[in-house]
Amino acid sequence: MAEPQHGIAMYGDPALPPDFVALPYANPDAPIGGRMVEANVGNFDSLNPFIQKGNVPWQLRFVYGETLMGRSIDEPFSLYGILAESIETGPNREWVEFTLRPEARFSDGSPVTVEDVIWSFEILGTAGHGRYRGFWAKVDSLEQVGDRTIRFTFNEENAELALLAGMRPILQKAQFDGVDFAEEGDKIVPITSSPYIIDDYEFGRFVSFRRNPDYWGWGVVPFRAGTFNLDEYRIEYFGDETAAFEAIKTGLVNTTREFNVARWEGQYDFAAVQDGRFVKEELAHQRPSGMTGFVMNTRRPQFQDWRVREALLTAFNFEFVNEAMTGSQQQRITSYWSNSPLGMGHGPAEGRVRDMLMLYQDDLLPGALEGYNLPQSDGSERNRAGTARAIELFEEAGYTIQDGVMADASGTPFTFDILIQSGASETSTIADIYVESLKRIGVSANVTQIDSAQFTERTRAYDFDMTYYRVGVSLSPGNEQYLYFGADQVDTGGRNLMGVSSPAVDGLIGEMLTAASQEDFRAAIKALDRTLMSGRYVIPFYQWNITRIAHDANLHHPDYIPVLGDWPGWQPDVWWYEEN
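Read in order, the letters of the sequence shown correspond to residues 533 to 1112 in the numbering used here.
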């Protein structure tokens, strides 16, 4: 890029031209008004998603707060200006400059300044949530180079950094004057420049976002055309899934994404659905599955042998679980990028994928090069073949069944705890089925349920044996992979729940970040996918290749569904309310 541009892509040029009117999945003629109400199970005690402290609604950072650039979810990784009117980079993206729009304002009417931008990056990078710190460590300098222009210079070769700089939230410096950002920030509702403001809330009960009619970007920012059309977006909190579903049936909640196929097929026959006031939609998407399942904490000694982890995978009996939970209607997650062109495949590694794996062959576990497939059962409850194979694997790792109990050579029983968040009835049911399967191989597992605040605290501190795990990945993975799987996250509370510390994993993330071509980029991801799957860290559940949404018939969305047609970034952003 030799001059300022309206947007930027990871590879090549962004799809939309400088004079684009709206995103292809937004309706710039959508009416304004109405409300969307969805249900959350759990609790929250903070409305500041930018710090580590506190338990916040997970949707908060996607609908509240604004960044220099915005990401199109109809492209693998392209950004277009929001707070920034233009972006310019060096020949090798060793630096990036953003020029602020002169119209940009916080919700209190004060201007968004270069000083606010610089302070936001510094405070988030040093005292903010862990998700922001990895990027800050790669910034060599950050300086003002014009009345409205900021330049980042990076300390490493990494083409993605220029894009990441455009995706960090910009906060108002003056609001936090004299405040300990990390320790006291959870008591503050941040002032932002975004289209929604927090209108009302009650911790643990609800939070209401209101459309700001004075938002500075209406009619100014093409990226905002046809978005945030609803007057109110509200999140109601419930103690468990049963109460949340009852709220849908009674009309207290008017939209939901359903993950339980059996409930979708058998219980969405209430009056509002029958008379057409509520509609059901099934939408296909190309979003990678990510990984959902039970993660084994390899910091614990009982999970450090890969053969033990394979034994516990084999004992899981997914086919029986899937029949019990979904009527066998859901496909299993087969890798971190399954359901996408970045998925690893299941035969032997070939071509550039094999070349990259061979760089780290001494660190690979069986299956990375040869191909790895998850264990399969015959679907019966007893799973005789799987049970026998699980026992064999335990024996290979030095365990035997002694008086009906799986134990090591010294007679110490193999036991562990499965940590579950209270109210997560589906996960709890799966855990109970798993515990029964483990009894058949002499393994004793206990299920412990705790409230959401305790669950967050313990998982952040890696204080668990096995727990529910969910990590989302995209078609444009980048530096965040270090947060999920990097060795430097093993001892610092964060998102590497499995405790993986692997030169191969770290090296392949590096290969991905420095790839000079789309071919090498994809090869590095496939190689990383193989390494993680053959590590056998997670017992995968089923995936949601089809998004199931039920909603008030007066809530509408454009007919055009983006490539990543799924939350976040699609609902509620481009929906609108219009009475039929």
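Virtual Cβ for every residue (Gly too), placed ideally from N, Cα, C.
Asked                                                                                                                        : Found
Neighbour flag for Ser909 against chain C, beta carbons, 8 Å                                                                 : Of the chains in the structure shown, none is chain C; there is only one protein chain.
Nonlocal neighbours in the same chain, by C-beta distance under 7 Å from Gly772, ignoring five residues either side          : According to the sequence provided, residue 772 is Asp. The question's Gly does not apply to it. Here the set comprises Val573, Gly955 and Ser957.
Pro754, buried or exposed, once every other Cβ within 10 Å from all chains shown has been counted against 16                 : buried
Buried/exposed call for Pro820, threshold 16 Cβ in 10 Å                                                                      : buried
Backbone secondary structure at Leu897 - three-state DSSP                                                                    : coil
DSSP three-state assignment for Met533, whether helix, strand or coil                                                        : In this prediction, Met533 scores a pLDDT of 49, lower than 50, which makes its location untrustworthy; the coordinate-derived value is nonetheless stated afterwards. Reduced to three states, the DSSP call for Met533 is coil.
Every unbroken beta strand (DSSP E) inside the segment 816 to 880 [3 residues or more]                                       : 823 to 828
Closest Cα partner of Val711 within the set Phe552, Ser740 and Ile583                                                        : Ile583
Alpha carbon of Tyr769 to alpha carbon of Asp895, nearest angstrom                                                           : 45 Å
Reduced DSSP category for Val553 - H, G, I as helix; E, B as strand; rest coil                                               : coil
Host alpha helix (DSSP H) of Tyr543 (start-end)                                                                              : Careful: Tyr543 lies outside any alpha helix (DSSP H) and carries neither H nor E.
Residue span of the alpha helix (DSSP H) that contains Glu570, given as start and end                                        : It is not in any alpha helix (DSSP H) - Glu570 instead sits in the beta strand (DSSP E) that spans Arg567 to Val573.
Whether Phe996 touches Glu913 by CB criterion (8 Å)                                                                          : no
Status (buried if at least 16 other CB within 10 Å, exposed otherwise) for Trp590                                            : exposed
Between the CA atoms of Tyr1014 and Glu535 - distance to the nearest angstrom                                                : 32 Å
C-alpha gap between Met533 and Leu674, whole angstroms                                                                       : In this prediction, Met533 scores a pLDDT of 49, lower than 50, which makes its location untrustworthy; no coordinate-derived value is stated.
Ordered list of beta strand (DSSP E) runs contained in the segment 979 to 1036, each at least 3 residues                     : 998 to 1003
Whole beta strand (DSSP E) elements within the segment 663 to 731, 3-residue minimum                                         : 671 to 676 and 681 to 686
Contact under 8 Å by Cβ, Pro722 with Phe760                                                                                  : no
Residues near Val793 in its chain [Cβ-Cβ closer than 7 Å; skip 5 each side]                                                  : Thr858, Gly859, Gln861 and Gln862
Alpha-carbon spacing of Asp940 relative to Phe926, whole angstroms                                                           : 9 Å
Residues bridged to Lys812 [DSSP beta-bridge criterion]                                                                      : Ala1082
Between the CA atoms of Val1037 and Ala541 - distance to the nearest angstrom                                                : 25 Å
Reference Leu1060, options Met938, Leu548 and Leu891, closest by Cα                                                          : Leu891
Residue environment, Arg1080, which counts as buried when at least 16 other CB atoms sit within 10 Å                         : buried
Buried or exposed by the 16-neighbour rule on C-beta atoms within 10 Å, applied to Thr824                                    : buried
Exposure label - Glu1111; buried when at least 16 CB within 10 Å                                                             : exposed
Residues near Ser527 in its chain [Cβ-Cβ closer than 6 Å; skip 5 each side]                                                  : The question about residue 527 has no answer, for the chain in this structure spans 533 to 1112.
Selection from Asp746, Ala1047, His817 and Gly751 that minimises the alpha carbon distance to Val885                         : Ala1047
Chain-order list of residues whose beta-carbon lies under 8 Å from that of Val805 (same chain, five-residue window excluded) : Val811, Lys812 and Ala1082
Neighbourhood of Ala917 by C-beta, 8 Å cutoff - its chain only, sequence neighbours within 5 removed                         : Ser909 and Asp910
Straight-line gap, Phe826 to Pro581 (C-alpha atoms, nearest Å)                                                               : 26 Å
Assigned exposure category for Pro546 - 16 Cβ within 10 Å defines buried                                                     : buried
Coil, strand or helix - Ala1048 by DSSP                                                                                      : coil
Residue of Met699, Arg680, Gly539 and Asp679 minimising C-alpha distance to Phe667                                           : Met699
Alpha carbon of Ala1019 to alpha carbon of Val1032, nearest angstrom                                                         : 7 Å
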